[in-house]
Structure formats: C-alpha cells, structure tokens
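Going down the list, the protein sequences come from chains A and B. Residue numbering for the first sequence follows the numbering used here, beginning at 1354 and increasing consecutively. Residue numbering for the second sequence follows the numbering used here, beginning at 2 and increasing consecutively. Glycine is no exception: its CB is placed at the ideal position from the N, C-alpha and C atoms. These numbers were taken from a predicted model, which means no experiment stands behind them. As structure tokens, the structure follows; a few thoughts come after it.
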Amino acid sequence: MHTWIKGVFRSLFRKAELDRDLDEELDSYLAMLIDEKVRAGLEREEAGRQARIELGGAEQVKEKVRELRLGATLDTLLQDIRYALRTLRKNRGLTAAAGLILAIGIGANTALFTTVNSVLLRALPFPHADRLVIGLKTMGGVPSGPVSRIDYFDYREGVESFEELGALTTFTQQNTVTGGGDPELVQALYVTWNLFRTLGVEPAAGRGFLPEEEARGGAPVVMISDGYGQRRFGNAEAAVGTSLVLDGEALTVVGVMPPGFRFMYDADVWRLIDRDGPFDTRRDSHSHWVVGRLKPGATLERAQAESDAVSAALAERFPDSNEGKALALTDLQGYLVRNVRTSLLLLMGTAVLVLLIACGNVAGLLLARGERRLSEMAMRTALGAPRRRLLRQLVTESVILTVGAGLLGVAVSYLLHDVILGLLPVGELGIHPPAVDRAALAFTLLVSIATGLLVGILPALRSTSLQPARQLRSDGRSTAGVHHGRLRNGLVVLQVALSVALLVGSGLLVRSMVRLSRVELGFDPGNLLTGQVQIQVADYPTPDERNAFFTSLLEEVEALPGVASATLSNRLPILSRWQDWSVWPTGRPPGSPQESFSAMARWVPPGYFATMRIPLVVGRDIATTDVPGSPYVVVVSRKVAETLFPGADPLGRTVTIGEWRDCEVVGVVEDARLNDLRGEPDPAFYMSMAQMGDARLQIAVRTAGDPTLLVRPIEELLRRKDPNVLFAQPRTMSTVVDGELAGFRTILLSLALFAVVAVVLAAMGIYGVLAYNVSQRRSELGLRLAIGASESGLVRMIMRQGMVLVALGLGIGLAVACPGALVMRHLVYETGLVDPAAYVGASVLLGLVAALACYLPARRASRANVLELLRTE
Amino acid sequence: MSADRGELLRGTLDMLILKTLSLQPLHGLGLARRIDQVTEGAFQVKPGSLFPALHRMEQKGWIEGAWGESENNRRAKYYRLTSAGRRQLGEERESWSQVVLAIAKVMEAT
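Below, the structure written as structure tokens:
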C-alpha cells in the first residue's frame, strides 16, 4: 500500500524529475543502440537513422510511460480541465448557447425531481409510515369508497395484524363556538379515540383521547389544532383544561395537536365518534375512512386475509347490508398521492424529453465545432497523442460544459419548482413541501454528468476517427464527410420527432382544457355569489321559526340593489359535494345492495331552479305550500326519473328516500354537475327546504353586476337582522369552478411551456445544421450561381434538404405520439386520443417554424456575391 | 515474430522480464537483446512495450532501477529484481506451468 502512495506522491509532485529521468533513459537507450549498429559496421549517420526508426518515436514511448504512472489520471484530468476551460472560454458564443440550452433542460428536471421525490418517493411525515394502510369498502370486488362506521368496529376487534385501527369521517362539519365573544364557525372532524395513536402523532400539549371517552356517555372532551388554540386562546398550551361550547355542548379541551399537523382534512377541532354518534348508524351507510397501523412484522397480505374473514362473517350475519361487501387494504401513501401521480410522472417524462431534445441540440453544436477542430486533432495525433487521450479530453470538455449548465439549472429549478408547487394540489396531502435539497443536488450532478457523456461521446468519436495524414494533407479545407452530415441530420430528425410528440401531447391537453372550461355545468355559474349561513338552533327552536327566518332573509336579500334573485340549498353545486342517499319507487325496494340506486340529496326553497338556471323539464317547482304538515314532495333530476320509472310518467308517483321518507314526485329538472366538472352530470333529487327545517344552509345570490360588491351589504343586512347569525366564506361561483380547474391548468401550462422550449430548440437545431451546411458548401453554391443557377433555385434546393429531415422527424414523431398519448388518458377530458386537430395543429406549427429555420440560411446563401463565394476557395 | 505478437501475451512479457532480471541486473537495451537472444528471435521487445512494462513493474515494486555504467562506458539505468519481484516470478512461473499443462492436455487429447 505504501509503495502505491509513494508512487502517487512521486508522480504528482516530482513530475519534472521523473520526466528528466525518462528522457535520460531513452537517450541512453538510443546512444547504445547507435553504438551497437556502428559496431556492426554501419556508418555513424546511417546507424543513427536506423536506431531512431527502431525506437519508433521517443515522444510516443514517453507518453505511454507517463500514462502508466500512478496518479497520472488525476494529473491528465487536471490538464484536460485546464485545457477545456481555455477552449470553452475561446468559444464564448457556443459555450453560452449550449450552456443555456442545457440549463433549461437540467433545471426543469431538477425541479420536477424535487417534487416527485417529496410527493411520490419520500414517506409521509409519520413515524414508520410504511406500516400505515387505508381500508376501502369493496362491493362485489369493486372498490367503492368509504366504510360503514358499524362495520369498522367489527374490523377493529377482528383483525389481529393491526397495532391500531382508527377511523375518521369523510367530511368536516361546521360547529358554532359560542360563549366568550362573537360566535364563530370551526371545522370539526370526527375521529376514533385511537386515530392519532394509529398515525403515531402525540399531542403537543395535554393528552390524547382515552378509550373510555369514546364509549356512550363518556366524558365530553375535544382536541384542538395548534392554529385554533393560538387564534382562540392566544397560547395553545393555555387551552388545555378550558371549556369550549360547540353547537351548544360544553366540551373540555384535553389536548392540542402539534403545529402543522393535519390528516386528510383541515380541522380546527377533533371530536370523538361514539357508537351512537350522528353519522352512519346503519351498516349500509358508508362515510368513514379507516386507517390502520400494521404490527411490526405483520404483512399487508395477512391483515387482508384477516379482514376478509371478518367480512365473510359479517356477510353471513347481516346478508341484507353486507352481502358481497369487503374491506380492501392498500398502503396509505400510495392512496393519498394517486391523483397527482399521473400528472407528476407525465411532467417528469416531458422534462426528460426536453432534456433529450436539448442534448440532441448541443450534440449537434459540438459536432459542428468538432469538424472545425479536425486539423487540431490530426496534429495532436501525429505528435503522439493516443486517441483515448483525445477522446477523454473532448468528453471532459462537454462534461464541464454540462456540469456548469447543471449549476445554472439549479437556479432555474428554484424558479420553476415554486411555480409547480403553487399550482399542483400537493398541499392537501399533508406532505412536507419539497425543497431543493441534497438529494436534488445529487440528482442534478448525476444528470449533468450523464448529459455530458451523452452529448460529448459521439462528437468526440467522430472528430478523432480520421486518419491524421489524410486530414493534414487537406489542411484547412474541411471535409464534411458523409458520415458527419448523416449524424447531424439524424440529430435534427430526432429533435423534430421529440418536439412534435410533445406538441401533440400539449395540444391534446389544451383542447380538453378548452372543452372543460366550456363544459355545460347544467347551471349558470356567472354572477353568482355563494356563502354559508347558519342560525342558532337555540334562538329558532322549531322548523317553522327557522323557515320563517330564511324566507324573510331571501326576501330582504332580493330587495338589495343589484340583486336579481336569491336562493338557498343544503349543498350548492361544486361548492359542497356528495351526500348521496338511496332512492327507489315506494313498494319496490332493490333486490340487493348492489342494485340499489342513490342520488345526491338536496333541499331547496321555491325558486331554486330559476335562480340557478336549472331548466325544469316537466311538472312544478317546490312551492310555498310544501311545508311541514303537508304531504312530502320531491323534484327529481332527469336521470333519477329515467332510472326509477323507465318509459313511464314519474309525476304523481311516490319514491322512498333513504329508507326513511316517502315523497311524491312533483317535477323533473335537467341533470346538473354537482360534484365534479369531469365525468357525467350527477343524478339528484330536491326536497322542500321547509320540510327539512335545517339551521345551516348555503346561500346563492344572482346579481346584475359584480357579485363581490354584494358581500358587504349582505353582511350588514344579516347583522341588523340577527347578530348571532353567521355568514361565512363569501365566494363567487366562478372562483369555485375556476379553482376546480387549477391543478389541471398547471399541468397544461407546464406542458405548454415545455412544448414551446422544445419547438424553439428544434428550430435552432435545424437552423444550425443548415447554416453549417451552407457555410461548408459556399464554393459549390458560388459555382452553381456562376454557371447560371437561379437564386430561387438555390433556395429551393437548400430548403428541400432541410424539409426532408423535418418531414422524416414529423413522421416519426406522430407515430410515437399516438401510443404516448395513452399515458395521458386520465388527464384528457372528452377528447379522443386520436383528436386530429391536435395532430394536424402540431404538424403545421412545427412545419412552419422549421420552414423558417430552413429559409434563413438558404436565403443568405443565395444572396451572397458570386465572387465572394468563390474567393473562399 | 514481431513484438506485436508478444504483446498478445502481456503477462508473458512481464514474466520474461522478471525471469531475465532474476539472472542478473540489466539496462533496457540489454534486457531486450537478452530476450531476443534466448528466444532465438521469437520475441523482439520494442521500446514501445519495453519501457511501459519496466515502469509498471517498478511502480509495483517488483524491480528497481539505478543509474550505472554500461560495458561501453555509457550512463545507463540498470534494473534488478526486488524480493517482491522474486515472489511474483515464483507465482507467475507456477500459473504459467498450470496453463501450459492444461493447454497441452487439450491439444494432446485424442
């Protein structure tokens, strides 16, 4: 070992001495060789000549020996780097262009890697997050969402593999906090006592829930978030032990969760689910998420088998509700990120494509420059530089270039990744915000070096492959060999192909975005102000009093200047979702749970359809006479009517809603999109608000002008009317609908940005190659002009060469775009993957840009002076 | 036979040099001539292979060089075997005879 170190030390620091030693040794060898030949009878001069031939180039021998030295690699590397920096400095234009192109490509990749790393690869912010699973209900093997609360308790007792199995409701409830100042609305999430233990998160102050508190008649306790503690009590720790009156019930705050803690929903307070709680009192009512932590060493398969056994037992005991029902366990993180995964992977793929295009581009630039350096390479080969050494030096140059570009790319990624994160819905996942960290820097370095090798190796192989003698003989005159031309042309074809594939992809997304923003919602979101209104049940104890309040509220709001009409609903479209209840023709219940049909349950006052502009198909609206005491009525949407009464007149028929109330169908309205902008409109039924007697409703105000101008007047009106009424979250419906499109829009914008970069790069590539070809053929073109070729003929000839490459690239690109588009099928909305407009549009756009890139060098060549062209000979 | 053919067996050149130096210290040209002589011209070691080989072996500590006077009063660098080189020669000799034996068996198989 120490001889090796000594060797490295010697060759690094005593290089001059070693070189002198080697020189002397070779001199002495030569001298002795000449002596030998003289002794054999040759003239001294002839002996010297023969000896030198036999030695075969002292410099080459020396170079071979030097390369063997320990540490020689390091030494030549330093030498290469010094030389490379000098060369790059000399070609400032090329360095800047290539560096910038690569910085964009690498930066985009770093930004996306950062996001992918934190969202898809890194674990959730809970200890041993790999042991967390989520349970989803399946019906006949088909996953169908949340779990019944009653079933949950059976799984909690029956599955041994879980250390803990917790549950939470699939929605938050607004609770009113009273006592001590103005009443306020808080978001309450109902959880089992062990949910936080399941996640492995301890309260920051106080204690967690206890098992006995979950049982019926347990102590009235609540846990609060750090944020709410700060807001309400000024100091989160001071909150522990105080009393909080929620919806009139006094609860003791026992614990405060750590700052930043959230799980699936934003909540201010967490309340306990008890066995007799208000939601899911039936086995066929499903509104809970079930989250489990596997015991150390327990497998998902075992837990699944155990819960299947529980499901089978339940199906036997409760065939009416549990036949065909089971619990499918899946890892929690995978489930939480399922929606962003496709988008992120799509963007990552796109970024890689852009980097490949950038590589093609820079490789083209280096190739062209390599040809200008053929003479240099030939000279160095003749002087004894082995090809390996030249290759290494050229590749060092390109790696230095790309690593530099990578550093610049990190700066680009800082800019980009804020944009990406601001727009992707990753904040909702409870995942740490991504940052450009050590992993990202390592990734960038790796990508930079790989890129350097990729763009450097081909041009380097090319420019060192020629016979030095041939090259030196034709010195100065560049021999744009057929090979080189073919390679550069290939790079252009590659760039065009990748760009057109990208363009097609973004074209498809643009088209579906346009369709989505013009989608027929089934109601009119324009000029519509929405908000939450809640009255205190204590102040209005009976449904009649509540109805009187809301009816007079609507009249007073409609009397405000600028208001066209106003209405209320338990859940306004898009703003508040789901709540689907089963519904069937009275007397004809479904044969099995799988055959049951459910629709969105909504209750509205008279005039709701007119204000929302949902067309009435047949029958009548909810009327002012549909009040408590009079027969129950319902207006159903077209889909409900067609499903329950196919081919028959639904008016006058009776339906049973939620196994609870029989209502007469008095009208049919068109379906509207209530939950989601994508997919089909939702079936719904609308009951009379007066007959439901709710205290918490959402208000929708149709205005003549800007809806936001009405926020203040409505707030003032309510304060005058009853200071205990809460009016919260005023938003326009257009904002709500727009928010729905935001995530999609981001992906689209990023993709469009990438596509533009790709097209610009491809155009630069085409231009570069053609301009270079023209400059190489100046004398030929001059000759053609001199013997009578027309300028337009020359332009046509050069353009034809360029356009052949472009056409080839277009063909290949379109061919790969088709299967490539399959990746996006989840994102594309109502647009076939073979949407001709996207393909034609992409081809035409790229074709035009490419034609321009071809035309510029062609024109320059044809405009040049004949004499000048020939003089360069 | 040219030295190129000798290079086909790179390990062989090292072994030949070690063996030759084990008999007496020699300078580069002397070494080349001695191998030429013993193999009756079968291996002509050219400087392009000789010097890299010598330097490689010197770095490995198998041989060491020292300046001295040649028979014709020229200054020349003489190489001699170290104890590590002697061990190396033993190992190479052994593996070589194994190879020869193995090849011989294949070639003489009927």
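Practice task
Count the CB pairs spanning the stretch 33 to 49 of chain B and the stretch 66 to 75 of chain B that are closer than 8 Å, and state whether there are at least three.
Solution key: no
Handout entry: Sequence-distant residues of its chain with Cβ nearer than 8 Å to M1610 (chain A) (five each side left out)
Key = Sequence index remark: in the first sequence, residue 1610 (chain A) carries index 257 (1-based). The answer, listed in chain order, is F1549, V1554, P1556, A1557, M1576, I1577, S1578, D1579, W1623.
Practice task
For the stretch 63 to 84 of chain B, enumerate the residues whose C-beta is nearer than 9 Å to any C-beta of chain A, in chain order.
Solution key: G66, W68, S71, N73, R75, R76, A77, K78
Exercise for the section: Please check if any C-beta of chain B sits within less than 9 Å of the C-beta of E1370 (chain A). Expected result: Here residue 1370 (chain A) corresponds to residue number 17 of the first sequence, with the count starting at 1. Chain B contact via Cβ: absent.
Practice task
In angstroms with no decimal places, state the Cα-to-Cα distance between A1568 (chain A) and L1521 (chain A).
Solution key: In the first sequence, the residue the question calls residue 1568 (chain A) occupies position 215. In the first sequence, the residue the question calls residue 1521 (chain A) occupies position 168. Approximately 16 Å, taken between the alpha carbons.
Handout entry: chain A contact residues for G49 (chain B), given Cβ-Cβ distances below 9 Å
Key = Locating residue 49 (chain B) in the second sequence gives position 48, counting from the first residue. Here the neighbours are L1408, G1409, G1410, Q1413, V1414, K1417.
Exercise for the section: May I ask which residues mark the beginning and end of the alpha helix (DSSP H) holding K78 (chain B)? Expected result: The sequence position of residue 78 (chain B) within the second sequence is 77, counting from 1. Element bounds for K78 (chain B): not the alpha helix (DSSP H) but the beta strand (DSSP E), 76 to 82.
Practice task
Closer than 7 Å, Cβ to Cβ, to anything on chain B: give me those residues from the stretch 1379 to 1397 of chain A, in chain order.
Solution key: S1381, Y1382, A1384, M1385, L1386, D1388
Problem - Which listed residue (A:L1386, A:D2015, A:R2055, A:L1806) has its alpha carbon closest to that of R1745 (chain A) - result: Mapped onto the first sequence, residue 1745 (chain A) falls at position 392. When only C-alpha atoms are compared, the closest one is A:L1806.
Problem - Buried versus exposed call for K106 (chain B) [16 or more other C-beta atoms within 10 Å across all chains shown] - result: For the purposes of this step, residue 106 (chain B) is taken as the residue at position 105 of the second sequence. When all chains shown are included, K106 (chain B) counts as exposed.
Exercise for the section: Output yes if chain A places a C-beta closer than 9 Å to the C-beta of M2 (chain B); else output no. Expected result: Residue 2 (chain B) sits at position 1 when you count from the first residue of the second sequence. Low per-residue confidence applies at M2 (chain B): pLDDT is 40, beneath 50, and the placement is therefore not dependable, though the value from the model is reported in the following sentence. By this cut-off, M2 (chain B) is not an interface position.
Exercise for the section: Grab me the residues of A1976 (chain A)'s own chain with a C-beta within less than 6 Å of its C-beta, minus the 5 sequence neighbours each way, in chain order. Expected result: For the purposes of this step, residue 1976 (chain A) is taken as residue 623 along the first sequence, with counting starting at 1. Excluding residues within five positions, the ones whose Cβ falls inside 6 Å are P1959.
Handout entry: Nearest candidate by alpha-carbon position, reference V1799 (chain A), set A:P1926, A:F1466, A:E1407, A:G1446
Key = On the first sequence, position 446 is the one that residue 1799 (chain A) refers to. For clarity, residue 1799 (chain A) is Leu in the given sequence; the question names Val instead. Closest option to L1799 (chain A), Cα to Cα, is A:F1466.
Exercise for the section: Return yes when the Cβ of V1690 (chain A) is within less than 9 Å of the Cβ of N1462 (chain A), no when it is not. Expected result: The residue you call residue 1462 (chain A) lines up with position 109 of the first sequence. The residue you call residue 1690 (chain A) lines up with position 337 of the first sequence. No.
Practice task
Would you check if the distance between the CB atom of M2040 (chain A) and the CB atom of Y1985 (chain A) is smaller than 9 Å?
Solution key: Indexing the first sequence from 1 puts residue 2040 (chain A) at position 687. Indexing the first sequence from 1 puts residue 1985 (chain A) at position 632. Going by C-beta atoms, M2040 (chain A) is nearer than 9 Å to Y1985 (chain A).
Practice task
Go ahead and label A1912 (chain A) buried or exposed: buried means 16 or more other beta carbons lie within 10 angstroms of its beta carbon, across all protein chains shown.
Solution key: Here residue 1912 (chain A) refers to the residue found at position 559 of the first sequence. Result: exposed.
Exercise for the section: Go through the stretch 1928 to 1997 of chain A residue by residue and report every complete run of the beta strand (DSSP E) that reaches 3 residues or more, in order. Expected result: 1933 to 1938, 1951 to 1957, 1969 to 1972, 1986 to 1990
Problem - Own chain residues within Cβ distance below 8 Å of Q1583 (chain A), not counting five before or after - result: Residue 1583 (chain A) sits at position 230 when you count from the first residue of the first sequence. The residues are A1589.
Problem - Exposed unless 16 or more other CB atoms sit within 10 angstroms - verdict on I18 (chain B) - result: Position 17 of the second sequence, counting from 1, holds the residue named residue 18 (chain B). Answer is buried; the Cβ neighbour count reaches 16.
Handout entry: Any chain B beta carbon closer than 9 Å to D1374 (chain A)
Key = Residue numbering aside, residue 1374 (chain A) sits at position 21 when the first sequence is read from its first letter. For D1374 (chain A), the answer is yes, since a Cβ of chain B falls inside 9 Å of its Cβ.
Practice task
Let me know the secondary structure DSSP gives H28 (chain B) once reduced to three states.
Solution key: Residue mapping note: residue 28 (chain B) aligns to position 27 of the second sequence, counting from 1. Three-state DSSP puts H28 (chain B) in a strand.
Problem - DSSP three-state assignment for M2152 (chain A), whether helix, strand or coil - result: Your numbering for residue 2152 (chain A) matches position 799 in the first sequence. Helix at M2152 (chain A).
Problem - beta strand (DSSP E) runs contained entirely in the stretch 1636 to 1679 of chain A, provided each spans 3 or more residues - result: 1639 to 1647
Handout entry: Sequence-distant residues of the same chain with beta carbon closer than 6 Å to Y1543 (chain A), five excluded per side
Key = Within the first sequence, numbered from 1, the residue matching residue 1543 (chain A) stands at position 190. Result list for Y1543 (chain A): T1522, R1624, I1626, in chain order.
Problem - Candidates A:A1572, A:A1450, A:F1903, A:R1864, of which the one nearest Q1887 (chain A) by Cα - result: As a working note, residue 1887 (chain A) is residue 534 in the first sequence. Out of A:A1572, A:A1450, A:F1903, A:R1864, A:F1903 has the C-alpha closest to the C-alpha of Q1887 (chain A).
Practice task
Let me know if G91 (chain B) comes out buried or exposed under the rule of 16 or more other beta-carbons within 10 Å of its beta-carbon.
Solution key: One-based indexing of the second sequence puts residue 91 (chain B) at position 90. Exposed, because fewer than 16 other Cβ atoms sit within 10 Å of the Cβ of G91 (chain B).
Problem - Inter-residue spacing [alpha-carbon to alpha-carbon] between G1532 (chain A) and F1586 (chain A) - result: Translated into positions along the first sequence, residue 1532 (chain A) becomes position 179. Translated into positions along the first sequence, residue 1586 (chain A) becomes position 233. Each residue's alpha carbon lies about 13 Å from the other.
Practice task
Pick out whichever of A:T1797, A:G1458, A:Q1885 has its Cα sitting closest to the Cα of G1713 (chain A).
Solution key: For the purposes of this step, residue 1713 (chain A) is identified with residue 360 of the first sequence, where counting begins at 1. G1713 (chain A) has its Cα closest to that of A:G1458, out of A:T1797, A:G1458, A:Q1885.
Handout entry: Cβ neighbours of L22 (chain B) in the same chain (closer than 8 Å, five flanking residues each side left out)
Key = The sequence position of residue 22 (chain B) within the second sequence is 21, counting from 1. Excluding sequence neighbours, L22 (chain B) sits near L32, I64, Y80, R81, L82, G86.
Practice task
Identify whether F2080 (chain A) lies in helix, strand or coil by the three-state DSSP scheme.
Solution key: On the first sequence, position 727 is the one that residue 2080 (chain A) refers to. Correct three-state label for F2080 (chain A): strand.
Handout entry: Contact the stretch 2115 to 2125 of chain A vs the stretch 2200 to 2211 of chain A: 3+ CB pairs below 8 Å
Key = yes
Exercise for the section: Please work out which residues of its chain come closer than 6 Å, Cβ to Cβ, to L1720 (chain A), disregarding the five sequence neighbours upstream and downstream, and give them in chain order. Expected result: Position 367 of the first sequence holds residue 1720 (chain A). Correct list, in chain order: P1812, R1841.
Practice task
Tell me, please, whether the CB atom of G29 (chain B) is closer than 9 Å to any CB atom in chain A?
Solution key: Taking the second sequence and counting its residues from 1, the one referred to as residue 29 (chain B) is at position 28. It does; some Cβ of chain A falls within 9 Å.
Exercise for the section: Taking the CB atoms as reference points, tell me whether I2119 (chain A) and G2146 (chain A) lie closer together than 9 Å. Expected result: Numbered from 1 along the first sequence, position 766 holds the residue referred to as residue 2119 (chain A). Numbered from 1 along the first sequence, position 793 holds the residue referred to as residue 2146 (chain A). No, these two residues do not count as a Cβ contact at 9 Å.
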